[in-house]
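Student: Okay, handing you the structure first.
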Amino acid sequence: MNAFRKLLLAPLVMGVVSPLAGQAQSLDMGSVNRYQDQQDIDRMRAIEAQMGQVTSVSQFSDVQPTDWAYQALSNLVAKYGCVAGYPNGTFKGKQAMTRYEAAALLNACLDRVTEMTEQVKRLLKEFEKELAVLKAKVDGLEAKTAELAATQFSTTTKLKGQAVFWLGTAKFDGANKGTSPVANVGAGIYESAAFKSAVQTNAYSVTPGGASYSATGTPNGSVEAFTKAATWTGGSGSSAIGVVGQAGKTLGNYVGGGFVSPNLSVAGLRSNPGAPAGGTGVTGTYGFLNNALPAGTVVTSDLMGVMANTISSTSGAAPSIGGFVIDKKDMQNLVALGNASRAIKGGGLIRYSSDVATAPYSTFANKAAGGFTNAGTFTNPLDLSIAEYGTLSPLQQQNPTVKAAARKFLKDLIGGDVPIGEAVSFNYDIRLDLNTSFTGKDLLRTRLRVGNFGQSVWSGSPYPSLGAEVAFEEPSGANSMGVDRIFYQFPIGSNFTVTAGPRVRQDDMLAVWPSQYPADTILDFFTYAGAPGTYTSNLGAGAGIWWNQDGFSLSASYVAANGKSSYSGSTPGGATLGAGVAGLDAGGIANESSGGTGTVQLAYTAPNWNLTAAYAYSQSGGGYDGTSGLGYIPVGTPKATNPFAGLTQFDVNALAISGWWKPSNVSWVPSVSAGWGTNSYSAKKAAQIWGVEANQKGANAQSQSWYVGLQWADALIKGNTFGTAVGQPTFVTGNDGFLGTDESTFAWEIWYKFQVTDNISVTPAFFTVTNPAGSGSNSAYGGVLKTTFLF
């Protein structure tokens with residue numbers, strides 16, 4: 161702003177009124193200016209421009225230091241000290257000024273003038289026209305100010321909004337498209353809980369003092385081992401299970417631990433495609449396509465891959481075991497487990513029999529101490545395989561070959577088909593920020609948010625790496641508005657800032673964000689500075705503080721996702737928390753159910769570059785109900801979010817190195833942002849399914865991620881931006897749990913942002929993600945058109 165405008169506007173904002181009225185008024189604009197946002201500033205500039213069009217300064221000759229008016233004004237300044245309206249509060253004598261400047265200075269002195277001298281009267285007469293123009297401009301500015309004040313709902317709060325329209329589609333390719341390694345975690349959780357419940361039941365009912373205890377009918381030993389043997393029966397009842405070396409004793413008092421059926425067997429098998437439901441009257445082994453195999457053929461995993469019959473005996477259903485639907489791969493794994501179990505007992509491989517009417521299959525006798533016997537006979541090699549494993553002693557089950565076969569069987573049961581969305585969808589996201597300041601330096605932010613992405617692939621389901629940053633939907637459903645943020649931020653001294661609130665996000669409490677990329681968001685992964693395990697964006701109750709001086713900054717914060725809950729454990733009434741019972745969810749601040757993330761960040765930021773290191777500790781919290789309670793890594797493969805199949809809570813220790821560089825001036829050289837993160841998981845308890853070890857307590861897993869993003873400002877047209885990024889979303893590189901590791905995954909996006917107006921932008925984009933499931937032989941690609949409105 162030039163010197164004239166500064167001189168003109170300063171006394172106006174101070175409330176100087178025309179001397180034609182004989183006095184000056186005082187209008188305190190501080191409370192308005194203190195909270196002005198960019199839109200208010202733009203309006204003031206527009207008023208200023210209009211004022212400049214009323215009368216050109218060049219129409220008036222300058223007032224020279226030799227003129228009488230100049231000397232008269234100098235005398236007023238010296239006598240009354242009225243220089244507040246002049247730039248920097250000073251009056252430099254012996255320097256020419258415009259007539260407008262002289263009139264404004266006179267106006268600034270009027271409320272200090274105590275007597276109307278002849279000199280003052282002469283000055284009023286001399287600058288009568290200029291003072292009249294000032295009067296008109298003051299009136300216009302006051303009217304505009306009154307209009308602004310009348311149209312805002314608060315003198316301390318500003319409303320800012322963003323609305324995003326998202327039109328896009330994704331396509332999937334590969335032999336394993338539409339599959340996920342954690343598709344059936346819910347069934348696994350329920351089966352695990354059922355077995356644990358059975359162990360507890362048996363501990364009460366068959367232990368001395370229990371209601372069903374039988375001193376002669378129940379063998380002594382591990383309740384868990386006996387419950388497992390009573391579960392893996394192939395369909396035989398518990399009374400058919402005996403203990404090696406304890407003739408006449410059975411597990412008849414033991415309850416099996418299957419959620420759907422307490423005695424595991426394969427349900428829904430039929431002998432061949434031509435057989436009626438149930439296969440009645442048809443000769444041929446159940447589970448095989450036909451009975452053309454010669455009797456005695458060795459049944460291997462490879463043979464099952466060719467001959468397995470996955471058509472159910474019941475229309476509309478499929479073969480299943482416990483709570484899991486099984487496919488050909490599961491049948492192959494089950495036979496492999498049966499053959500490994502027979503081998504450890506010293507028996508040969510399972511052989512085919514074409515006669516199902518006489519139930520020709522029987523388990524190979526186990527003679528090992530601590531082992532079991534099964535008196536049942538079976539009509540197919542799948543139920544036989546279950547029974548073969550069930551007769552092993554605990555020591556035999558730890559044989560590396562047997563253990564690996566059992567884990568592989570469970571791993572593929574947990575994996576399965578998932579729905580994938582390939583239709584074109586049109587979604588929206590709206591954010592309304594209410595920014596309040598009470599001192600001009602503090603901030604109370606309340607964000608309301610609403611969207612409808614819940615049933616789209618952009619929500620990150622079933623593949624988190626395909627999620628979009630704007631993809632939002634309240635848990636209550638589409639088109640439901642909720643409070644997305646509520647926190648208060650204030651400075652302490654000149655170098656410290658504190659942030660706290662009942663709903664604050666991790667990055668709200670960081671002194672710096674270590675990335676210039678992206679100017680417009682597409683895939684969510686590229687908004688985490690390459691390290692979703694560290695920069696988790698955990699949202700909940702929290703507080704943090706940062707220090708910033710001479711480019712260096714240090715931030716520390718804590719946020720609890722479940723901080724709203726008062727229930728940190730089991731209740732006196734026995735309600736199970738975290739599973740929706742009585743509507744209670746475990747949580748609280750700084751306990752094992754908090755779902756907390758603690759973060760420390762150290763950074764140095766120069767004018768055109770930044771280097772940042774950060775560490776985060778994240779805990780899973782609450783009782784796991786199939787959708788919550790995980791350690792918090794938001795973007796990556798399904799295993800990276802859930803390496804232990806949801807069977808145990810776990811903690812994550814994460815480290816990130818990130819930074820950026822940008823050219824000093826806009827040119828063909830892009831800004832460069834990059835980041836890398838590594839994460840270490842630790843299981844908080846041992847877990848099992850049907851007694852088969854899924855992971856030990858303290859089991860570890862590791863994952864990592866990285867990205868590089870390039871961005872060109874003013875690309876082709878001033879105001880437009882072009883960007884592209886490549887990287888690897890978080891993928892598991894090591895895992896002690898039964899799910900194992902991921903195959904590598906890569907993501908790439910490219911976009912161009914058209915800045916249509918200051919408040920409207922349109923961004924077309926293309927992306928591709930290889931192996932989003934982490935299991936190989938699957939990929940996704942797609943395009944979107946994103947339109948953003950700012951208001």
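To convert, count from 1 in the sequence shown and add 160; that's our numbering.
The C-beta atom is built at its ideal place from N, Cα and C for all residues, glycine as well.
All of these numbers come straight from a predicted model, not from anything done at the bench.
(1) Using DSSP with H/G/I as helix, E/B as strand and the rest coil, what is K505?
(2) From L714 to T606, what distance separates their C-alpha atoms?
(3) Using 10 angstroms around the beta-carbon of E307, count the other beta-carbons present and answer buried if the total reaches 16, otherwise exposed.
(4) Whether or not the segment 525–542 and the segment 505–512 are in contact is what I'm after, with contact meaning three or more pairs of Cβ atoms, one per stretch, closer than 8 Å; do they touch?
(5) Using the Cβ count rule (16 or more neighbours within 10 Å means buried), how would you classify F313?
(6) Which whole-angstrom value describes the C-beta separation of I481 and R430, a residue pair presumed to lie in contact below a C-beta threshold of 8 Å?
(7) Hey, quick one: how far does the beta strand (DSSP E) through D710 stretch, first residue to last?
(8) Are G620 and G611 touching if we call contact CB-CB under 8 Å?
(9) Grab me the residues of N493's own chain with a C-beta within less than 6 Å of its C-beta, minus the 5 sequence neighbours each way, in chain order.
(10) Consult DSSP for V366 and reduce its assignment to one of helix, strand or coil.
(11) For the beta strand (DSSP E) that G620 lies in, which residues bound it at each end?
(12) Just the Cα atoms here: how many angstroms apart are T457 and L544?
(13) On the DSSP letters alone, give me the boundaries of the alpha helix (DSSP H) that F569 sits inside.
(14) Which word fits N931, buried or exposed, when buried means at least 16 other C-beta atoms lie within 10 angstroms of its C-beta?
(15) Going along the chain, which residues of its own chain have a beta-carbon closer than 8 Å to the beta-carbon of Q888, five neighbours each way excluded?
(16) Once the 5 residues before and after F1000 are set aside, which same chain residues still bring their CB inside 7 Å of it?
(17) Can you list, in chain order, the residues of its chain with a C-beta nearer than 6 Å to that of V617? Leave out the 5 residues immediately preceding and following it.
(18) Grouping DSSP H, G and I as helix and E and B as strand, with all else coil, what is M257?
(19) Leaving aside the five residues before and after T596 along the sequence, list all residues of the same chain whose C-beta is less than 6 Å from its C-beta, in chain order.
(20) Give me whichever residues DSSP pairs with Y764 in a beta bridge.
(21) Given a cut-off of 8 Å on the beta-carbon distance, is the pair F810 and Y841 in contact?
(22) Which residue from G711, A691, Y688 and A721 puts its Cα closest to that of A703?
(23) Hey, how far is the Cα of K166 from the Cα of F287?
(24) Taking Cβ to Cβ, would you say A933 is nearer than 8 Å to T801?
(25) So, is D710 buried or exposed, given that buried needs 16 or more other C-beta atoms within 10 angstroms?
(26) Could you check which residue in A468, V829, G897 and A885 has the C-alpha nearest to that of L876?
(27) Exposed or buried, which one is A264 when buried takes at least 16 other CB atoms within 10 Å?
(28) For the structure I just gave you, are there three or more beta carbon pairs, one from the segment 542–559 and one from the segment 495–502, closer than 8 Å?
(29) Decide if R272 is buried, meaning its Cβ has at least 16 other Cβ atoms within 10 Å, or exposed.
(30) For K239, count the other beta carbons within 10 Å of its own beta carbon; 16 or more makes it buried, fewer makes it exposed. Which is it?
(31) Using the rule of at least 16 other Cβ atoms within 10 Å of the residue's Cβ for burial, across every protein chain shown, is K946 buried or exposed?
(32) I need the boundaries of the alpha helix (DSSP H) containing N116, first residue and last residue.
(33) Please report the distance separating the alpha-carbon of L236 from that of D299.
(34) Reducing DSSP to helix, strand and coil, say where L494 ends up.
(35) Only counting the same chain, and skipping five residues up and downstream in sequence, which positions put a Cβ closer than 6 Å to that of A477?
(36) Check the DSSP bridge columns for K799 and list the partner residues they point to.
Tutor: In short, the structure shows the following:
(1) It is helical.
(2) So the two alpha carbons sit approximately 25 Å from each other.
(3) By the 16-neighbour rule on beta-carbons within 10 angstroms, E307 is exposed.
(4) Put simply, the segment 505–512 touches the segment 525–542. At least three CB pairs are less than 8 Å apart.
(5) The residue in question, F313, is exposed, as its Cβ has fewer than 16 Cβ neighbours within 10 Å.
(6) About 15 Å separates the beta carbon of I481 from that of R430, a gap too long to meet the 8 Å contact definition.
(7) Element bounds for D710: n/a, residue is neither H nor E.
(8) No, they are not a contact pair.
(9) Within the same chain, K568, F569 and D572 come within 6 Å of N493 by CB-CB distance, once the 5 residues on both sides are set aside.
(10) Here V366 sits in coil by DSSP.
(11) Premise fails: G620 is in no beta strand (DSSP E) and is neither H nor E.
(12) Each residue's alpha carbon lies about 15 Å from the other.
(13) P560 to I574 is the span of the alpha helix (DSSP H), which, as asked, contains F569.
(14) Buried is the call here.
(15) Correct list, in chain order: Q864, S865, W866, Y867, S904, T905, F906 and A907.
(16) Because residue 1000 is not part of the residues shown, which for the chain are 161 to 951, the question remains open.
(17) Result list for V617: A330, G581 and L626, in chain order.
(18) In the displayed model, M257 falls within a strand according to three-state DSSP.
(19) Residues of the same chain with a CB within less than 6 Å of the CB of T596, apart from the 5 flanking positions on each side, are T316, T317 and L604 in chain order.
(20) Partner residues in the beta bridge of Y764, as assigned by DSSP, are F712 and L771.
(21) Going by beta carbons, F810 and Y841 fall inside the 8 Å limit.
(22) Of the listed residues, the one whose Cα sits closest to A703 is A721.
(23) Residue confidence is low: K166 scores 36 on pLDDT, short of 50, so the model does not pin down where it sits. No coordinate-derived value is stated.
(24) Taking the C-beta atoms as reference points, T801 is found no nearer than 8 Å to A933.
(25) Per the 10 Å Cβ criterion, exposed.
(26) Considering only alpha carbons, the answer is V829.
(27) That one is buried.
(28) Flag = yes, the segment 542–559 and the segment 495–502 touch.
(29) By the neighbour-count rule (16 or more Cβ atoms within 10 Å), R272 is not buried but exposed.
(30) Counting the other CB atoms within 10 Å of its CB gives K239 a total below 16, which places it among the exposed residues.
(31) Under this definition K946 is a buried residue.
(32) In the structure displayed, the chain extends from 161 to 951; residue 116 sits before or after that span and is not available.
(33) Taking the straight line joining both Cα atoms gives about 25 Å.
(34) Under the three-state reduction of DSSP, L494 is assigned to helix.
(35) The answer, listed in chain order, is G428.
(36) DSSP output for K799 lists no bridge partner at all.
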